[in-house]
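Here is the structure we will look at.
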Amino acid sequence: MTTNNPLLALPFEPSLECLGSDYWDVVEAACFPETRLRFRNDALLRQLGLDPSGVSRDHLEAAYGRFEGRQPLLALRYHGYQFGVYNPQLGDGRGFLYGQMRDRHGQLQDLGTKGSGQTPWSRGGDGRLTLKGGVREVIAAEALHRLGVTTSRTMSLIETGEQLYRGDEPSPTRSSVMVRLAKTHLRFGSCERLLYLQQPGQLARLLHHVQRTYYPHLAEADSPLLAMVAELVERVAHMAAQWMVAGFTHGVLNTDNMSLAGESFDYGPYGFLASWDPGFTAAYFDHTGLYAYGRQPAVCHHNLKLLLQPLAMALPLEALEATIAPFGSIYGTAYRAGLLRRLGLAQPWATVQTMAPPAGDLVSLTLQLLAAWRIDYGDFFAGLRDQVSRSDLEEPDALRPWHGPEPPRQPWLAWRDCWWSHWHGLRGDGRQAARWALQRWNLTRTPTRPVIEQVWQSISNHDNWEPFHQLVDSWRWTGAAQPEPAEQAETRPQDQTHQG
16 MTTNNPLLAL PFEPSLECLG SDYWDVVEAA CFPETRLRFR NDALLRQLGL
66 DPSGVSRDHL EAAYGRFEGR QPLLALRYHG YQFGVYNPQL GDGRGFLYGQ
116 MRDRHGQLQD LGTKGSGQTP WSRGGDGRLT LKGGVREVIA AEALHRLGVT
166 TSRTMSLIET GEQLYRGDEP SPTRSSVMVR LAKTHLRFGS CERLLYLQQP
216 GQLARLLHHV QRTYYPHLAE ADSPLLAMVA ELVERVAHMA AQWMVAGFTH
266 GVLNTDNMSL AGESFDYGPY GFLASWDPGF TAAYFDHTGL YAYGRQPAVC
316 HHNLKLLLQP LAMALPLEAL EATIAPFGSI YGTAYRAGLL RRLGLAQPWA
366 TVQTMAPPAG DLVSLTLQLL AAWRIDYGDF FAGLRDQVSR SDLEEPDALR
416 PWHGPEPPRQ PWLAWRDCWW SHWHGLRGDG RQAARWALQR WNLTRTPTRP
466 VIEQVWQSIS NHDNWEPFHQ LVDSWRWTGA AQPEPAEQAE TRPQDQTHQG
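Be aware that the sequence shown starts at 16, since it is given in the numbering used here, and climbs by one per residue.
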C-alpha cells in the first residue's frame with residue numbers, strides 16, 4: 016500500500032453504511048493488470064480540502080485504481096423503469112460507493128466508482144468500463160459544469176490494461192476505471208425497490224436519511240419530508256431546464272438514473288446538439304425517440320410522478336401530487352432565465368428601456384431562428400459571444416451572421432433587432448457584465464459527436480492525449496471580472512508523458 020496517501024486519510028463518514036445492509040452489498044474491487052492515470056481533477060481535490068501539489072499520480076492510482084486500504088466498498092441496491100418497463104434486477108453492476116466525506120463547505124459528497132468490477136447486480140456483465148466510455152464521461156461532466164448544469168464531476172480516470180469486448184464499440188477495446196464526485200448515488204429507483212419489496216419502514220428510514228443529509232434546511236418545516244419532495248421537484252425542473260439550455264441530451268432517462276438530490280449524473284450514450292433538433296436522440300437503441308432532446312422535460316416530470324408511487328407508502332398521496340403541480344412553471348422560468356444567460360441578458364443589471372420587447376419574445380425568436388438556421392447550436396452562442404467581445408454594436412446592422420450558412424432573412428432580422436434592443440438598453444456596467452456572461456456561460460468548443468470522435472481517434476490510434484486535454488482545458492474558467500465562479504478542472508495528470 017502507498018504510505019501517507021492523503022486520499023486514504025480523508026475523514027470518511029459511514030453515512031449510508033449506518034442505515035444498514037438493506038440498502039447495499041459489500042463488494043471487492045477487481046485487480047487490474049496495470050493502472051495508468053489519464054485524468055485528474057485538482058479542483059475537486061481542493062473541494063475536499065486537499066492540496067493538489069501533495070497528491071501524486073501514484074496516490075491517485077493506488078486509491079482509485081488499485082483500491083488500496085479502502086474498505087468497505089458498497090454496491091447499492093435499486094430498481095427502475097427502463098424505457099417504460101419496470102426492472103427489478105438492477106443495482107450497481109459495475110460501480111461502487113467508494114466512500115462519503117464532507118467537502119470544505121461542510122456538504123456530504125459521494126465518491127463513486129465506475130468500471131471497478133463485478134457485483135451481485137452485474138447480471139452476467141464483466142463490471143468494466145471502456146476507456147472510451149470513461150473519456151466521454153469526463154468530457155460530459157466538465158462541459159456541463161462549465162455550462163452551469165448541476166452535475167456530478169469526474170475525480171480521476173485510470174486506464175487498467177484489460178481488453179474488453181463490446182457490441183457498440185470496435186473490439187477489443189481498452190479498459191478504465193473512473194471515480195466521480197456526486198452529492199449522492201441514491202436514486203428514484205432506490206425508493207422504487209422498497210415499494211416492490213413492500214418495505215414501508217425501510218422507505219421511511221431512507222427518506223428521513225435523505226432529508227437530514229441533503230435537505231437539512233427543511234428540518235423545521237411542518238412536514239420536512241413533503242417539503243423535501245417539493246424541493247426535489249424544483250431541483251429536477253431546474254436540471255431539465257439546464258440540460259435544454261445546454262443543448263444536452265442525457266440519452267437514458269430511466270428512473271435509476273434520476274438522483275434523489277436532483278443532480279445530473281451517469282453519462283453513457285449522451286449527446287450535445289449539432290443543429291437545433293428537438294427529435295435528436297443520443298442512444299442508438301432509443302428507437303422510438305422516448306428520451307429525445309425535446310422530450311426531456313416531460314420525461315423528468317413523468318419520472319417524478321412515478322416516484323410518488325413508492326413515496327405514497329410514507330406520505331399522503333394528495334399532498335404528494337400537489338408538490339408535482341408546479342413543475343411546468345418552474346421549468347419554464349428556469350429555461351427562460353438560462354437561455355437569456357447564454358445570450359448575455361439574464362442578470363439583474365440587464366435592465367432595458369421600456370421600449371424593448373419582453374424577454375419572453377427574445378426566447379421565442381431565438382428558438383425560431385435556431386430552427387430556421389442550420390448552424391451548430393453551440394456555435395450560435397459562441398459566435399454571439401465573439402461579436403460582442405469585438406464591438407460595442409451601436410447599431411443593429413453591426414450584428415452580422417456568423418459561422419456556417421447564411422440564416423433566412425426574416426427570422427434573422429426579427430431576432431437581431433430584438434436582441435439588439437435589449438443590448439442597447441443596458442445601463443451602467445450592464446454591457447461589461449453581458450460580455451462577462453457571454454464568456455462565462457458559453458463554450459469555445461462544444462463536444463458534439465464529431466468533436467468527441469476526433470479526440471478519441473487520437474487516443475485510440477496514437478495514444479495521443481493532447482487533444483483530449485486541450486478540449487477539457489478550454490472549458491476552464493479563468494475570468495475574474497465578476498464574482499469568481501466554481502473552480503474548473505485541472506486535467507493534466509502529474510508526472511505523465513503524453514505520446515503523440
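C-beta: ideal position from N, C-alpha, C; glycine also.
Mapping DSSP to helix, strand and coil, what is residue i?
i, result
"D73", "helix"
"G347", "helix"
"T303", "coil"
"T166", "strand"
"T366", "Note that T366 scores a pLDDT of 42, beneath 50, so its modelled location is shaky; the value from the coordinates is reported in the next line. Correct three-state label for T366: coil."
"T338", "helix"
"L263", "According to the sequence shown, residue 263 is Phe rather than Leu. F263 falls in the strand class under three-state DSSP."
"G309", "helix"
"G440", "coil"
"S274", "strand"
"D237", "coil"
"D183", "coil"
"D40", "strand"
"F582", "Within the shown structure, residues of the chain are numbered from 16 to 515, placing residue 582 beyond reach of any answer."
"Q454", "helix"
"R61", "helix"
"P426", "helix"
"R491", "coil"
"P331", "coil"
"G419", "coil"
"D292", "coil"
"Q214", "coil"
"T228", "helix"
"I467", "helix"
"N269", "coil"
"E207", "helix"
"N20", "coil"
"I474", "helix"
"D66", "coil"
"E481", "helix"
"C33", "helix"
"A45", "coil"
"G359", "coil"
"R389", "coil"
"T381", "helix"
"E410", "coil"
Give the DSSP bridge partners of residue i, in chain order.
i, result
"R189", "Q178"
"T199", "Answer by DSSP bridge pairing: none, since T199 is not bridged."
"E172", "Checking the displayed sequence, the identity of residue 172 turns out to be Leu instead of Glu. For L172, which the question treats as bridged, DSSP gives the partners F54, M193."
"V403", "Answer is none; V403 lacks a bridge partner."
"S279", "T166"
"G286", "T264"
"F27", "M116"
Identify, in the order they occur along the chain, each residue of the same chain with its Cβ nearer than 6 Å to the Cβ of residue i, setting aside the five sequence neighbours on each side.
i, result
"G419", "I390"
"L322", "F203"
"Y101", "none"
"P426", "Q383, L384, A387"
"M243", "Q226, Y230, L233"
"V41", "P87"
"P482", "V470, S473"
"G132", "A44, A45, G142"
Near residue i, which residues of its chain fall below 7 Å by C-beta distance, leaving aside the five closest residues on each side in sequence?
i, result
"L222", "L240, A329"
"L319", "V248, V251, I339, F342"
"R208", "R92, Y93, H94"
"W136", "A90, L105, G106, D107, G108"
"V70", "P21, L22, L60"
"P411", "R431, D432, W435"
"A158", "L458, P462, W490"
"Q97", "N269"
Considering only residues of the same chain and omitting the five flanking positions on each side of residue i, which have a CB-CB separation below 8 Å?
i, result
"L382", "W291"
"R181", "T145, T188"
Entirely within the stretch 80-158 and at least 4 residues each: give me those alpha helix (DSSP H) ranges in chain order. The stretch 80-158 contains no whole alpha helix (DSSP H) run of 4 or more residues.
Are the stretch 153-170 and the stretch 230-237 touching by the rule of at least three beta carbon pairs closer than 8 Å? No: fewer than three Cβ pairs fall under 8 Å.
For the stretch 46-62 and the stretch 90-100, state whether three or more C-beta atom pairs, one from each stretch, are separated by less than 8 Å. Counting Cβ pairs under 8 Å, fewer than three are found: no touch.
May I ask you to verify whether the stretch 186-193 touches the stretch 147-165, counting CB pairs closer than 8 Å and requiring at least 3? Yes, the stretch 186-193 is in contact with the stretch 147-165.
Are there three or more Cβ pairs, one per stretch, closer than 8 Å when the stretch 297-308 is compared with the stretch 256-271? As far as the Cβ criterion goes, the stretch 297-308 touches the stretch 256-271, which means the pair count is three or higher.
Any chance the stretch 344-358 sits against the stretch 447-467, with 3 or more Cβ pairs inside 8 Å? A contact exists between the stretch 344-358 and the stretch 447-467.
How do the stretch 405-416 and the stretch 424-442 stand: do at least 3 beta-carbon pairs fall below 8 Å, yes or no? Because the criterion of three Cβ pairs below 8 Å is met, the stretch 405-416 and the stretch 424-442 touch.
At least 3 beta-carbon pairs within less than 8 Å: the stretch 117-135 vs the stretch 23-35: Yes: at least three Cβ pairs fall under 8 Å.
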